[in-house]
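**Student:**
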Amino acid sequence: MNKIEFESKEKIKKSEEIIKKILKALGFISVLTTLGIVFSLFEETILFFKDISIKEFLTGREWTPLFQPPKFGVLPLVVGTLLIVVISSIISIPVGLGSAIYLSEYAPKKIRKILKPVLEILAGIPSIVYGYFALTAITPIIKIIFPQTSVYNALSAGIAVGIMTIPLVSSLSEDAMMSVPDSLRFGAYALGATKYEVIKDIVIPTAFPTIVASFILAISRAVGETMIVAMAAGSTPKMTLNPLESIQTMTGYIVQISMGDIPYGSIGYRTLFAVGSLLFLITFTLNLISRYVIRRHRRLY
Amino acid sequence: MENIIKIENLNFYYGNFLALKNINMDIYKNKITAFIGPSGCGKSTLLRTLNRMNDFIENIKVEGNIYFKGQNIYSKEVDPVELRRRIGMVFQKPNPFPKTIYENIVYGLRKNGVNKKEILDEVVERTLKAVALYDEVKDKIYKSALELSGGQQQRLCIARAIAMQPEVVLMDEPTSALDPISTLKIEELLLELKKDYTIIIVTHSMQQAARISDWTAFFLNGELIEYDTTENIFENPRDKRTEDYITGRFG
Amino acid sequence: MENIIKIENLNFYYGNFLALKNINMDIYKNKITAFIGPSGCGKSTLLRTLNRMNDFIENIKVEGNIYFKGQNIYSKEVDPVELRRRIGMVFQKPNPFPKTIYENIVYGLRKNGVNKKEILDEVVERTLKAVALYDEVKDKIYKSALELSGGQQQRLCIARAIAMQPEVVLMDEPTSALDPISTLKIEELLLELKKDYTIIIVTHSMQQAARISDWTAFFLNGELIEYDTTENIFENPRDKRTEDYITGRFG
Amino acid sequence: MDITKRRKFKNRIFHVLTFLCTLFGVIILSVLLFSILSKGIKWLSLNFLTNFPSRFPKKAGIYPALLGSLWLIFLTAIISFPIGIGTALYLEEYAKESKFTDFIKLNIANLAGVPAIIYGMLGLTIFVRLLGFGRSIISGALTMSLLILPTIIISSQEALKSVPDSLKQASYALGTTKWQTITGVVLPYALPGILTGTILSISRALGEAAPLIVVGAFAYVSFIPKTPFDQFTVLPIQIFNWASMPKKEFQNVAAAGIIVLLIILLGINSIAIILRNKYQIRIKD
Amino acid sequence: RQGKLAGTIKIDGSSTVYPITQAVAEEFNKQNPNVNITVGISGTGGGFKKFVNGEIDINDASRSIKTEELAKAKANGIDFIELEVAYDGIVVVVNKDNNWAYDITTQELKKIWDKDSKVVYWSDVRPEWPKEKIKLYGPGTDSGTFDYFTSEINGEEKRIRADYTASEDDNVLVQGVAGDKYAMGFFGHSYYEENKDVLKVLKINGVEPTTENIRNGKYKPLSRPLYIYVNKKSLERPEIKSFVKFYLEKAKDLVEDVGYVPLEDKKYQEQLNKIK
Ligand SMILES: Nc1ncnc2c1ncn2[C@@H]1O[C@H](COP(=O)(O)OP(=O)(O)OP(=O)(O)O)[C@@H](O)[C@H]1O
Ligand SMILES: Nc1ncnc2c1ncn2[C@@H]1O[C@H](COP(=O)(O)OP(=O)(O)OP(=O)(O)O)[C@@H](O)[C@H]1O
Ligand SMILES: [Mg+2]
Ligand SMILES: [Mg+2]
Ligand SMILES: O=P([O-])([O-])[O-]
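Chains as they are written, first to last, in my numbering: chain A, 10 to 310; chain B, 3 to 253; chain C, 3 to 253; chain D, 227 to 511; chain E, 175 to 450.
(1) Mind checking which residues open and close the alpha helix (DSSP H) that includes Thr-182(E)?
(2) Let me have the residue list for ligand 2: C-beta closer than 5 Å to any non-hydrogen atom, ordered along the chain.
(3) Using a beta-carbon distance cut-off of less than 8 Å, what residues from the region 111 to 129 of chain B approach chain D?
(4) Going straight from the alpha carbon of Asp-174(C) to that of Ser-179(A), what length do you get?
(5) Let me know the beta strand (DSSP E) ranges lying completely inside the region 21 to 104 of chain C, each 3 residues or longer, listed in chain order.
(6) Check the DSSP bridge columns for Tyr-403(E) and list the partner residues they point to.
(7) Should Gly-39(B) be counted as a contact of ligand 1 given a C-beta to heavy atom distance under 7 Å?
(8) Around the C-beta of Gly-359(E), are 16 or more other C-beta atoms found within 10 angstroms, so that it is buried, or is it exposed?
(9) Using a Cβ cut-off of 8 Å, pull out every chain A residue sitting near Met-55(B), in sequence order please.
(10) Taking DSSP as the reference, what is the three-state secondary structure of Ala-219(C)?
(11) Is Phe-19(B) a contact residue of ligand 1, with contact defined as CB to any heavy atom under 7 Å?
(12) Taking 8 Å as the CB-CB limit, is Val-160(A) close to chain E?
(13) Which class does Trp-405(D) belong to by DSSP, given the choice of helix, strand or coil?
(14) Can you list the alpha helix (DSSP H) stretches of 4 or more residues lying completely in the region 163 to 223 of chain B, in chain order?
(15) Which residues in chain B have a C-beta closer than 7 Å to the C-beta of Ile-299(D)? List them in chain order.
(16) What does a CB cutoff of less than 6 Å around Arg-50(C) pick up in its chain, not counting 5 residues either side in sequence?
(17) If the criterion is Cβ atoms closer than 8 Å, does the pair Leu-48(B) and Phe-58(B) meet it?
(18) Mind checking Met-3(C): buried by the 16 CB within 10 Å criterion, or exposed?
(19) Within 10 Å of its beta-carbon, does Leu-283(E) have 16 or more other beta-carbons around it, so buried, or fewer, so exposed?
(20) Name the chain D residues whose beta carbon is nearer than 9 Å to that of Gly-214(E)?
(21) Considering only C-alpha positions, which residue in the set Lys-59(A), Leu-250(A) and Ala-222(A) is nearest to Ser-275(A)?
(22) For Pro-84(B) and chain D, any beta-carbon pair shorter than 8 Å?
(23) Is Ser-275(A) helix, strand or coil when you go by DSSP?
(24) Return the bridge partner residues of Ala-445(D) from the DSSP annotation.
(25) Using a Cβ cut-off of 7 Å, pull out every chain C residue sitting near Thr-403(D), in sequence order please.
(26) Is there at least one non-hydrogen atom of ligand 1 closer than 7 Å to the beta-carbon of His-241(D)?
(27) Considering only DSSP beta bridges, list what Tyr-229(C) is partnered with.
(28) Quick one: using the 10 Å Cβ neighbour count with 16 as the cut-off for buried, is Tyr-144(C) buried or exposed?
(29) Going by DSSP, what residues sit across from Gly-362(E) in a beta bridge?
(30) Report the residue from Ser-165(A), Thr-294(A) and Phe-142(A) whose alpha carbon sits nearest the alpha carbon of Ser-256(D).
(31) Comparing C-alpha positions only, which one of Phe-466(D), Gly-360(D) and Leu-249(D) sits nearest to Phe-455(D)?
(32) Can you check whether the C-beta of Pro-239(B) is within less than 8 Å of a C-beta belonging to chain A?
(33) For Ala-336(E), report the span of its alpha helix (DSSP H) as first-last.
(34) Would you identify the three-state DSSP class for Tyr-144(B), choosing helix, strand or coil?
(35) For a contact defined as C-beta to C-beta under 9 Å, what are the partners of Lys-236(D) on chain B?
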């Protein structure tokens with residue numbers, strides 16, 4: 010048996026150190042991104058609040074930052090966003106949850122194998138396509154039912170956002186329900202429960218926190234959704250809860266102004282960032298809540 | 003002796019796999035019947051066939067007949083939901099619902115339209131006493147059942163099963179996840195319960211079968227090798243394979 | 003007898019938990035040493051301390067000294083990567099890389115700068131022969147190692163370990179996941195290998211320890227209770243606890 | 227018996243309801259695809275792929291947007307891929323459990339939930355203005371990279387987690403260093419999973435329009451970008467543009483554009499699925 | 175002569191002028207495929223902002239440069255030439271199915287569009303008009319059209335009621351009005367030309383926005399010239415010089431093509447002379 014000569018590892022070990030440092034540096038990029046977001050949003054926002062009081066911003070009921078005289082009450086945009094969220098949730102939550110229940114509890118394996126990917130496709134369609142769909146297919150249908158509907162309206166956009174977020178709700182909820190141990194289900198069946206009762210009494214309550222988290226995520230997504238509302242919801246910042254009217258959301262405002270390229274440094278430019286900051290804070294809070302809910306759930310099991 | 007279940011020429015398939023081969027046997031009323039045999043021989047499969055819990059598995063096929071009090075349980079008229087109410091089941095791993103102890107016990111009753119508080123209260127107390135859990139938990143019956151120990155949980159599951167006043171209780175290795183002391187308690191409980199119920203128990207412990215059962219069935223590879231009184235099986239097995247198994251020569 | 007490893011006053015902590023208590027022992031060259039003892043007694047921990055595989059676990063603490071050929075392996079000068087090259091290891095579950103058989107064997111060599119085809123070819127053939135796998139796999143050494151049976155995989159893992167020409171081979175229950183026939187083959191192999199290597203083997207099977215090892219160490223709760231020639235341990239245990247364990251009275 | 231009947235009836239109703247919910251998604255998908263295909267398919271042609279945008283719907287083509295999109299996802303991929311995998315490697319293989327590591331993980335999870343348009347504002351401030359890249363492909367690609375990084379990192383982490391510890395230990399036990407173990411065992415094993423996740427994120431970048439509008443990819447571009455510092459437009463924005471044109475025919479042009487976009491997405495996703503199925507290594511347990 | 179010229183031309187600015195410039199660019203590129211042209215739509219104001227910083231070569235403008243902008247240009251050392259390229263009329267349009275409104279006065283327009291306007295229903299404008307909610311569409315704030323309309327009708331730039339649908343994208347406005355029986359909107363004449371089939375235009379003070387009326391100034395006060403502003407330094411580059419020349423030579427046909435009113439031939443000649 011010949012003795013094999015091995016190379017010394019000195020050189021390798023040096024590069025190991027360098028690699029480790031590089032990787033660590035890459036890890037910092039995510040932190041930098043967050044800092045970048047905070048910096049890019051808040052710098053202009055602070056400048057904005059030097060001119061406009063936070064109180065006016067948060068409580069004003071008129072949003073006309075670029076008209077004469079300008080008004081900086083963000084509530085109309087918030088109400089518009091809320092309207093979209095409510096409409097989309099009315100679609101995505103029950104339909105998403107229903108699909109999740111069907112796929113996890115009722116569907117035979119074969120059907121599940123076909124239907125699940127279909128829902129995943131729905132999640133992969135770009136929002137611009139949903140926007141187009143809202144404008145060219147959903148709105149005309151709404152107009153048949155409610156002729157007084159505006160061409161651009163919250164309902165159509167909200168429905169499209171709802172459709173888009175169905176898969177989000179269904180796949181997360183389904184995962185949660187699938188992870189409910191079968192032993193619990195069988196325990197109930199053995200007592201003579203029907204499937205519906207098992208779902209209602211055992212599966213959903215057990216998976217509830219994750220299901221709720223999926224709802225929150227869907228809402229957060231609806232808050233942040235942009236192209237659909239930009240294309241279909243209109244651009245009228247209005248304090249209305251009438252879904253048939255044209256409205257404007259926070260994201261819709263940002264896109265509208267971005268397309269017009271507002272001059273850098275003007276108050277108009279800063280409104281972009283003030284609205285962006287608010288949007289960021291809202292979605293950030295929603296995401297934190299959903300994480301918290303899921304986490305607490307994990308600890309229970 | 004009165005039989006309560008009669009199994010006739012039963013074949014059971016998972017897909018193409020024949021898991022039970024031409025089983026014929028009678029289960030006698032108010033007796034404890036033990037199913038023994040090496041892992042994978044089909045004990046659980048047979049047990050679950052008796053209350054149609056196998057319905058939830060896809061791609062199964064049942065041939066032959068099973069009569070429960072004279073009625074074929076696989077006939078169209080029989081509603082499996084109703085059947086399961088009358089033939090209860092306890093599983094290997096304790097599986098209390100994530101609800102209170104109280105709600106665990108009355109779950110089946112509520113689903114069957116029993117909602118009167120007096121009745122429910124009475125049932126909870128009676129069944130908890132029956133499974134000798136009452137003293138241990140009486141102060142926390144409105145607390146989550148998940149807070150109980152494993153042995154207590156299993157007794158709770160038995161309480162939950164008998165709360166429905168089933169005629170037969172199926173038990174699939176009910177003590178295998180428990181410590182010796184909890185096991186002993188449950189064995190005592192079974193001997194107590196057989197006055198009112200017919201019990202079928204799957205067990206891996208020869209000692210347990212010998213200790214508590216009246217009848218014992220030995221399975222191998224999906225076949226019923228020998229079925230006799232427990233005494234005969236353990237002292238006078240007719241089949242060589244039974245003997246080998248109970249003397250620990252394989253398995 | 004020449005010792006190749008010397009363990010002195012070794013304490014080992016997982017966090018605050020003292021898993022090894024004041025271990026002192028010598029491992030002798032070209033012998034097979036068996037570590038036995040009930041589950042959780044620290045056998046694997048000690049084994050992994052010898053080639054510093056424990057370094058990958060967070061929050062550990064090592065006190066005392068371990069000398070490998072006279073050098074303290076926990077001193078600063080010792081490079082654990084180099085140490086592991088010289089003290090090979092085989093695990094409980096066969097863990098071939100998802101690569102070809104060939105690449106599995108030469109993996110360590112390549113990573114250590116050996117890339118000459120002639121050398122590699124020679125090593126593959128020699129080690130496969132050494133683990134008695136050559137005839138079985140010679141037609142498929144460029145096929146995935148995952149296609150081998152469990153026993154073959156484990157022998158491949160041994161081949162992979164000895165391809166590095168280590169001086170000591172550590173084995174943590176190398177046959178516990180295998181069928182009796184594969185186990186036998188590997189035991190024969192070990193007896194063959196001890197001519198060239200020093201082997202330390204953790205095993206749960208008393209029979210195995212008795213069959214193949216020269217020295218046996220019995221551990222209990224992190225303590226080395228008794229360490230002696232295998233003959234003495236099994237025929238003349240000095241400690242009551244050793245006797246109890248090997249006669250199967252506990253564990 | 228009445229009550230049992232009612233209970234079973236409820237179950238049946240519920241079964242049907244949930245089935246309808248699932249069907250809803252399927253139906254919507256079919257309606258959506260049908261409405262787009264029926265409008266756009268006639269407008270698809272080779273010329274449509276190779277023409278520049280035009281004020282005449284018949285002459286309008288998608289060429290610059292198509293190439294802009296390809297440029298964008300190419301750059302986005304080569305930027306985000308190494309950073310994403312590197313970060314995942316750091317978190318899974320190097321970083322010790324610590325408050326700081328937890329913070330980074332939490333941070334990444336939160337970034338994954340930040341709306342795309344916010345990334346657009348980040349890109350506008352940092353890349354377009356601060357770093358002075360202007361409204362160029364590189365600004366867009368950097369923005370998109372940051373947008374999809376969290377998803378890439380998270381899915382890469384999942385893939386890395388799936389590498390059995392026993393393989394790593396086996397490698398270390400042969401006297402290899404950490405990086406050697408990573409390149410020798412960990413990455414080959416995890417790569418299909420990593421690629422699948424990455425490709426799916428890239429396809430998300432392909433469909434996003436909002437951040438790029440903020441970054442400023444909204445214009446008539448009469449040329450094919452040749453360097454990363456050129457101005458550009460991308461498919462979704464071109465589609466958006468057409469969809470908001472007043473001439474009815476442009477609606478159909480937009481639909482044709484959507485078909486092209488969806489075909490590309492489908493292609494990319496199929497690659498991901500094929501990769502996953504073909505190279506998934508199965509270790510016997 | 176094909177392909178000789180190369181380089182890039184950066185254009186931005188008015189969405190009103192955009193269709194003309196885009197058409198010119200399209201044609202120009204047919205002959206000079208190696209010239210890279212981008213045409214942004216930042217609005218006249220947004221475009222000037224970049225123009226006076228030297229970021230772009232040409233700014234499309236639907237109004238002439240303001241004094242502040244001029245000062246900025248001076249400060250930055252930007253020299254430029256202003257070229258008239260077409261006439262535009264701002265049209266006030268209603269839905270095709272609107273069978274009550276045919277003309278409107280400037281006073282009525284002010285009543286509708288002014289800040290704090292009390293007009294909610296059509297009947298608030300004229301009692302005989304239906305008592306239906308009036309839905310308003312108009313360009314966004316960054317546009318010359320908006321500036322021009324607000325200053326001419328409401329008497330102050332950017333003075334306008336808050337609750338109308340504003341979009342930088344005129345097509346959105348067209349679709350809005352076309353889809354809504356009770357809508358009213360205003361935007362550049364060209365967008366009306368392209369959508370005559372779905373829109374109905376209103377006479378203002380009895381004058382129809384015909385090509386003729388716009389050119390001879392009868393359509394008051396909502397007609398105006400459109401410009402491009404060319405950076406003089408950029409003009410030294412052959413591709414830009416050639417582009418601008420091409421612009422003015424082809425403007426007459428292309429302007430009409432996209433729905434605007436061309437200048438008189440003589441006037442185009444004058445413009446051409448400016449860049450000699
Ligand atoms: N759902 C299933 N699908 C397919 N085959 C199954 C299924 N459940 C059990 N089997 C197979 O049927 C045979 C009998 O299984 P069963 O669970 O009844 O055995 P058992 O006697 O209860 O074993 P154990 O003592 O291990 O519980 C086994 O070979 C098993 O692999
Ligand atoms: N990574 C770890 N962190 C904390 N404690 C550990 C760790 N690994 C092992 N232990 C503990 O250290 C003790 C010794 O474990 P070790 O694995 O060495 O036992 P063993 O003798 O090999 O047992 P077995 O025969 O089951 O493999 C046990 O109490 C175990 O719980
Ligand atoms: Mg079983
Ligand atoms: Mg061990
Ligand atoms: O885009 P404008 O022409 O209205 O400035």
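Beta carbons: idealized from backbone N, C-alpha and C, even for Gly. Treat the numbers as computed from the prediction; the structure is a model and nothing was measured.
**Tutor:** Let me lay it out:
(1) Thr-182(E) -> not in any alpha helix (DSSP H); beta strand (DSSP E) instead, spanning 181 to 187.
(2) This selection yields Tyr-16(C), Ala-21(C), Ser-41(C), Gly-42(C), Cys-43(C), Gly-44(C), Lys-45(C), Ser-46(C), Thr-47(C) and Ile-59(C).
(3) Lys-113, Asn-114 and Gly-115
(4) About 45 Å.
(5) 34 to 38, 62 to 70 and 89 to 92
(6) Asn-233(E) and Glu-256(E)
(7) Correct: Gly-39(B) has its Cβ closer than 7 Å to ligand 1.
(8) buried
(9) Phe-195, Tyr-198 and Ala-199
(10) strand
(11) Yes, Cβ of Phe-19(B) sits closer than 7 Å to a heavy atom of ligand 1.
(12) Using a CB distance cut-off of 8 Å, Val-160(A) counts as an interface residue toward chain E.
(13) Trp-405(D) falls in the helix class under three-state DSSP.
(14) 182 to 195 and 208 to 214
(15) Residues of chain B passing the Cβ test: none, with the nearest at roughly 42 Å.
(16) In the same chain as Arg-50(C), and ignoring 5 residues on each side of it, the C-beta atoms closer than 6 Å to its own belong to Asn-56, in chain order.
(17) no
(18) Around the C-beta of Met-3(C), fewer than 16 other C-beta atoms lie within 10 Å, and the residue is accordingly described as exposed.
(19) buried
(20) Arg-361, Gly-442, Phe-444, Ala-445, Tyr-446 and Gln-457
(21) Lys-59(A)
(22) Checking the displayed sequence, the identity of residue 84(B) turns out to be Glu instead of Pro. It does; some Cβ of chain D falls within 8 Å.
(23) coil
(24) Gly-214(E)
(25) Val-83
(26) His-241(D): no, Cβ never under 7 Å from ligand 1.
(27) Ala-219(C)
(28) exposed
(29) Ile-264(E)
(30) Its Cα nearest to that of Ser-256(D), the residue Phe-142(A) stands out among Ser-165(A), Thr-294(A) and Phe-142(A).
(31) Gly-360(D)
(32) no
(33) Per DSSP, Ala-336(E) belongs to no alpha helix (DSSP H) and is neither H nor E.
(34) coil
(35) Here the premise fails: no neighbours, minimum Cβ distance about 11 Å.
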